[in-house]
Every structure is written in structure tokens, then in C-alpha cells.
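Student:
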Amino acid sequence: MTTLPAPGVIPAKEDSIEKKAYSIAEALKDFMPVANDRNRLGFMIYKYLTGKGDAPEIMVPSGKFSLKGITVKEFVKLLEKELRNKG
Numbered sequence: 158m159t160t161l162p163a164p165g166v167i168p169a170k171e172d173s174i175e176k177k178a179y180s181i182a183e184a185l186k187d188f189m190p191v192a193n194d195r196n197r198l199g200f201m202i203y204k205y206l207t208g209k210g211d212a213p214e215i216m217v218p219s220g221k222f223s224l225k226g227i228t229v230k231e232f233v234k235l236l237e238k239e240l241r242n243k244g
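158 is the number of the first residue of the sequence shown in the numbering used here; add one for each residue after it.
#1: Would you report the Cα separation of Ile215 and Ala169, rounded to the nearest angstrom?
#2: When the distance is taken between beta carbons, is Asp187 closer than 9 Å to Gly226?
#3: Which residues mark the beginning and the end of the alpha helix (DSSP H) in which Ile215 is found?
#4: Taking all protein chains shown into account, decide if Gly199 is buried (16 or more other Cβ within 10 angstroms of its Cβ) or exposed.
#5: Take the Cβ of Val217 as the centre, count every other Cβ of all protein chains shown within 10 Å, and call the residue buried at 16 or more, exposed below.
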């Protein structure tokens, strides 16, 4: 089985909610080495910012992300801090 590369994307506008959500996820890349996990987190953050998703304390455990060098609870606190600063 072969995995194809992801298709190209059109960058979002700098002031859009999408850009904020995915930039928050990308800012946490030191703790999330898998790019697909960051993409899923970005989508979950976007849903949260638009009022349709779960809060960080629910989204992180349910996302089952591969975290490196940090516990789930610490990551939730870090994500909440990023959301306060950028969201």
C-alpha cells in the first residue's frame, strides 16, 4: 500500500479564524512531532473557536495525539494559554 502526499492547500488570510487555529497548533510542534496530529488539532481548535467544538480539556484526550515530552494535562494547560494569547 502506498501513501500519497497530501494535496496542496490555499493559505488562509492572516486575520482569519482558520489561520489563528492552525498557527496555534503549529506553535506546539515541539510537543507534537506528527504533522497529521497538528492538522487534526488545528481543526479541533477551529471548531472550538467557532463555538462548535469541545474545550481543550476534552479535545486533547479525545484526539489521542502523539505527544512528546509532555503530559496530557500539561499540554491542555499550554493549549489554553495559547488560546488566551492568540485566540
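Built from N, CA and C at the ideal position, the CB exists for glycine as well.
Tutor: This is what the structure holds:
#1: 26 Å
#2: A distance below 9 Å separates the beta carbons of Gly226 and Asp187.
#3: It spans 213–220 - the alpha helix (DSSP H) in which Ile215 sits, taken as one unbroken run.
#4: buried
#5: buried
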